[in-house]
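Reading through the structure tokens given below for one structure.
2 protein chains.
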Amino acid sequence: MQFEDQKIYEYIDAHQQEYIDRLGRLIAQKSLAGVHEGIEEMGALVVRELEQQGLKVTECPTPGNTCYIGDVKGESDKVLGFYDHYDVQPVEPLELWKSDPWKLDIRDGNLYGRGVSDNKGGIAASLAAIDAYQKVYGKLPCSVKMMLEGEEEIGSGNLPYFTEKYKDQLFCDGIIFEGGTRGSDGGPCVITLGNKGCLYIELKVKTASMDAHSSLAAIVENPAWRLVKALSSFKDDQDRVLIEGFYDGIQPLTEEDIEILKQDGFDIEGTKKYLGLDHYLNHMDGIELLEHYHYVPTANIAGFSSGWEGVGVKTVLPGEATAKMDFRLVPGQDPDHILELVKAHLHKHGFDDVQVTKLLGEPAYRSDSKSTFAAILKETAKQVTGQEPTMDYQAAGTCPLAYFCAEKNIPAAMAGTGTPNSNVHAPNEFYKVEDFVADIKFRATLMHKLGGNQ
Amino acid sequence: MQFEDQKIYEYIDAHQQEYIDRLGRLIAQKSLAGVHEGIEEMGALVVRELEQQGLKVTECPTPGNTCYIGDVKGESDKVLGFYDHYDVQPVEPLELWKSDPWKLDIRDGNLYGRGVSDNKGGIAASLAAIDAYQKVYGKLPCSVKMMLEGEEEIGSGNLPYFTEKYKDQLFCDGIIFEGGTRGSDGGPCVITLGNKGCLYIELKVKTASMDAHSSLAAIVENPAWRLVKALSSFKDDQDRVLIEGFYDGIQPLTEEDIEILKQDGFDIEGTKKYLGLDHYLNHMDGIELLEHYHYVPTANIAGFSSGWEGVGVKTVLPGEATAKMDFRLVPGQDPDHILELVKAHLHKHGFDDVQVTKLLGEPAYRSDSKSTFAAILKETAKQVTGQEPTMDYQAAGTCPLAYFCAEKNIPAAMAGTGTPNSNVHAPNEFYKVEDFVADIKFRATLMHKLGGNQ
């Protein structure tokens with residue numbers, strides 16, 4: 025405990041019901057981006073809650089759902105940013121919920137409701153940290169900027185529009201993306217400083233206007249064969265991508281990266297068991313496996329669909345075949361450039377009949393592990409939890425860090441004391457009360473330290 | 025007209041309403057093998073109709089729906105066989121029918137109802153031909169054997185059981201399979217003397233017990249990639265099958281085969297237009313295209329299914345991938361042997377993780393084009409329609425000729441005056457009244473000629 029006294033932590037503990045009640049108000053408002061239900065109402069509620077907490081709110085219309093920036097000034101010139109989203113996943117199958125997903129329920133030390141962990145809890149924790157700090161110290165130690173979008177659960181399609189149009193208002197000295205969790209055993213926090221990007225494409229071959237009798241396969245081109253051949257040309261038998269230039273520009277791992285990998289918290293045996301795997305790809309294990317998971321880009325077939333997909337026999341010649349692919353990219357790989365390489369590869373190999381459509385492109389991003397912000401995050405995690413955090417320099421998944429951070433090289437992280445394995449996107453989503461309260465302390469401590477305090 | 029007088033044709037014309045009424049009774053009884061609706065009732069009706077016509081019926085239970093053999097003796101020792109099926113396709117979508125599919129409707133010179141063409145019309149035409157011949161001449165010129173199954177529309181799974189168990193009762197001097205149609209322009213009959221066989225398999229790769237987050241694609245094997253690679257190894261870029269031994273045992277075309285191909289009725293331009301094709305496989309045309317259609321075996325991907333097949337983005341690593349393949353085989357290729365070659369190929373190329381399941385295997389069959397039966401068929405077609413028939417020595421599709429004919433080399437054909445493009449398997453299935461009546465004459469004439477008459 026580095027605060028001059030425990031006053032703020034005690035204040036948070038003493039007022040946790042008040043903060044839980046605010047989270048309850050956020051949960052009670054549906055905000056389903058997929059079916060556009062409650063989006064405007066949720067936006068209005070967010071504006072009310074931020075303004076009640078003294079933030080100045082800028083409404084930022086986009087071609088889709090409105091984004092919001094909430095600003096509050098602090099004593100120093102430092103700015104701490106929080107990126108969160110006010111939309112949530114659907115609740116189906118509803119019958120599997122043990123309590124109403126739209127009504128915060130507290131039982132067995134857990135908060136239940138759609139969005140408690142992903143990620144209305146993050147919004148509530150930031151507001152609570154601001155509240156507690158202001159109540160105890162009168163003024164914030166740094167400025168806080170809350171940046172909220174309403175389409176995260178449907179792909180953040182308008183986020184680049186927002187970050188480009190409002191970029192002059194979005195500078196921060198460090199940004200927390202949604203939050204972070206403890207390790208899978210509920211232990212030390214995992215601080216994630218970067219993530220892979222993602223290019224998502226659809227590949228389609230259409231040869232005939234309809235499926236036909238398969239006797240015609242002797243004389244009519246089969247789009248599934250064409251797509252199989254095209255996809256097959258993308259990779260060698262060791263899963264290495266054969267698209268020319270695909271690996272160009274990727275930086276080799278540093279010794280520090282390898283040291284961090286050695287401490288990585290990925291549960292190799294547990295994941296293998298959970299997924300029912302016989303073995304990992306190419307029988308990888310240990311540090312090689314972890315290196316691939318965090319640092320090697322992928323070319324994944326996310327879906328393939330053609331012809332008869334039901335049970336039993338149907339002798340049909342498909343009229344079209346479609347595949348979905350995602351490429352998880354690492355720093356140095358630009359999604360649009362990779363898209364061009366894919367198209368060039370198809371052309372070079374005679375697959376001009378394969379139509380490629382880009383559905384999503386998000387660049388990778390990696391924060392400087394030597395930044396002040398990274399150091400402060402580690403100190404904060406240790407102070408709040410009493411344990412050294414685990415570092416992850418590059419997550420295997422994708423988060424829109426780059427849109428906010430790439431141009432100005434802003435330090436960013438997914439970090440906090442969120443509950444791991446908390447049924448996000450699933451029925452009975454929960455957040456441990458103690459983790460929620462710790463996360464308020466985490467955010468308050470982070471403000472304190474970024475503001476120049478010890 | 026080669027009969028000593030037109031008496032039998034006149035009799036058929038005069039009694040056509042009676043024959044249409046019988047077809048109406050067959051249509052009115054549902055017989056859906058897929059949902060097993062009305063199957064026993066249809067069997068009982070078929071027995072009644074055959075017995076009323078003087079046939080001696082043998083009920084032949086199988087592990088599935090019952091087969092029936094109906095025998096009636098004639099003057100000569102020749103036996104004419106008819107293979108037909110008493111089950112029909114489903115009627116959905118019902119709303120597209122202009123009249124009740126289960127009630128024979130006559131309008132604009134057509135008979136409408138489910139099964140009129142496929143293939144209760146064939147059963148009714150055989151019974152009508154027997155009736156007319158007996159009424160006019162007192163006795164049939166040859167024996168007639170009707171062989172009926174009730175699972176044709178769901179794959180004839182128990183037909184090999186039937187033909188093996190009752191093979192001593194199934195010898196004929198020639199067999200008509202279901203019937204045949206006029207050419208696509210309603211012109212001369214097409215007499216088909218053989219057909220490709222079919223091996224239908226499912227290929228499955230399973231790597232994980234569930235779909236997973238696609239970030240794991242860096243370390244977990246993707247079953248879709250495995251299946252794509254395995255399938256890709258089956259063919260070269262010119263669509264030639266690379267499975268070792270696949271083409272072994274296939275006989276080259278004779279000069280006669282090529283002559284027949286030159287007269288083939290396949291509508292190259294019309295089919296291209298109908299299917300909306302830009303071009304045929306490998307830009308084939310003319311005699312090369314016809315040769316492929318009739319004589320070259322296929323390896324067709326009938327379906328491929330894995331991972332996310334919906335609209336838009338889902339970044340998922342599939343847990344399994346499944347493909348369906350049909351191989352249309354030609355004489356010399358045994359389905360079970362080809363299955364072994366497929367398995368050996370996969371093993372040799374390192375794809376032991378691809379599980380292969382056989383769903384169907386029917387051998388090809390080709391009747392002797394120089395047989396007496398073939399000659400009689402040609403004469404019959406010419407006599408009934410006034411036009412030289414078109415010959416097809418080997419159809420591109422599959423029909424279960426081999427089960428009945430292969431062991432004893434029985435001449436067989438799909439032949440008759442059926443209506444082409446008559447919406448079989450679709451709403452508003454029809455049969456032109458004049459074609460139905462002509463088909464009764466066709467069958468009566470065939471009996472006459474096989475019995476040794478001119």
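Here the protein sequences line up with chains A and B, keeping their order. The first sequence finishes on residue 478 if you use the working numbering, and the numbering steps up by one all the way, no holes. The second sequence finishes on residue 478 if you use the working numbering, and the numbering steps up by one all the way, no holes. We treat Cβ as the ideally placed atom computed from N, Cα and C, and that holds for glycine.
Check	Outcome
In the DSSP assignment, find the alpha helix (DSSP H) that holds M66 (chain B) and state where it starts and stops.	I63 to Q76
How about M25 (chain B): is its C-beta nearer than 7 Å to some C-beta of chain A?	Reliability fails at M25 (chain B), whose pLDDT of 38 lies under 50, so the model's placement of it is uncertain and the value that follows must be treated cautiously. M25 (chain B) does not count as touching chain A.
Going by other Cβ atoms of all chains shown within 10 Å of its Cβ, with 16 needed for buried, is A388 (chain B) buried or exposed?	buried
Measuring only the C-alpha atoms, how far is A323 (chain A) from P212 (chain A)?	32 Å
Can you name the start and end residues of the beta strand (DSSP E) that K191 (chain B) belongs to?	Per DSSP, K191 (chain B) belongs to no beta strand (DSSP E) and is neither H nor E.
Please check if any C-beta of chain A sits within less than 7 Å of the C-beta of Y224 (chain B).	yes
Quick check on this structure: which residue in B:Y161, B:I200 and B:A156 has the alpha carbon closest to the alpha carbon of L172 (chain B)?	B:I200
Note down, one range per segment and in chain order, each alpha helix (DSSP H) of at least 4 residues found wholly within the segment 165–242 of chain B.	183–189
If you compare alpha carbons, which of B:T381, B:K372, B:G410 and B:Y417 is closest to K394 (chain B)?	B:Y417
Residues of chain B with a CB under 9 Å from the CB of E333 (chain A): which are they?	G327, F328, S329, E333, T346 and K348
Terminal residues of the continuous alpha helix (DSSP H) containing I464 (chain A)?	V457 to L474
Using a cut-off of 7 Å between C-beta atoms, extract the partners of G179 (chain A) located in chain B.	V337
I need the DSSP call for E344 (chain B), collapsed to helix, strand or coil.	strand
Comparing the C-beta of L313 (chain B) with each C-beta of chain A, is any distance below 7 Å?	yes
What does the alpha-carbon distance come out to for the pair G146 (chain B) and N134 (chain B)?	16 Å
Which residues in chain A sit within 7 Å of T322 (chain B), going by Cβ to Cβ distance?	A241 and A242
Below 8 Å on C-beta distance, what does W126 (chain B) contact in chain A?	Chain A residues near W126 (chain B): none, gap ~25 Å exceeds 8 Å.
Using a Cβ-Cβ distance cut-off of 7 Å, determine whether V252 (chain B) contacts chain A.	yes
With three or more C-beta pairs closer than 8 Å as the rule, is the segment 174–192 of chain B touching the segment 352–364 of chain B?	no
I'd like to check one pair, R138 (chain A) with P444 (chain A): are the Cβ atoms closer than 7 Å?	no
Below 7 Å CB to CB, which residues in the same chain sit around V448 (chain A) once its five sequence neighbours on both sides are set aside?	S141 and D142
Could you tell me whether the Cβ of H316 (chain A) comes closer than 7 Å to any Cβ of chain B?	yes
To the nearest angstrom, how far is the alpha carbon of T414 (chain B) from that of I292 (chain B)?	16 Å
Have a look at D288 (chain A) and T404 (chain A) and give me their C-alpha separation to the nearest angstrom.	19 Å
Can the beta-carbon of I178 (chain A) be found less than 7 Å from the beta-carbon of A57 (chain A)?	yes
Along the chain, where does the alpha helix (DSSP H) that runs through R11 (chain B) open and close?	Limits of chain B in this structure are 25 at one end and 478 at the other, which puts residue 11 (chain B) out of reach.
I believe G203 (chain A) touches T216 (chain A) by the beta-carbon criterion, under 8 Å. Please report the beta-carbon distance rounded to the nearest angstrom.	About 10 Å; that fails the 8 Å criterion.
Using only the alpha-carbon positions, how far apart do L74 (chain A) and I154 (chain A) sit?	10 Å
Pull up the CB-CB distance for W126 (chain A) and P451 (chain A), whole angstroms please, since I reckon it's below 8 Å.	Between P451 (chain A) and W126 (chain A) the Cβ distance is about 13 Å, and since that is not below 8 Å, they are no contact.
Entirely within the segment 98–150 of chain A and at least 4 residues each: give me those alpha helix (DSSP H) ranges in chain order.	none
What does the alpha-carbon distance come out to for the pair P165 (chain B) and G221 (chain B)?	33 Å
Tell me the DSSP secondary structure of F428 (chain A) in three-state form.	helix
Which of the three DSSP states, helix, strand or coil, is assigned to D37 (chain A)?	helix
Please list the partners that Y304 (chain A) has in chain B, where partner means a Cβ-to-Cβ separation under 9 Å.	I243, V244 and E245
Taking A248 (chain A) as the query, report the chain B residues whose CB atoms sit under 7 Å from its CB, ordered along the chain.	I325 and F328
E412 (chain A) to G476 (chain A), Cα distance in whole Å?	21 Å
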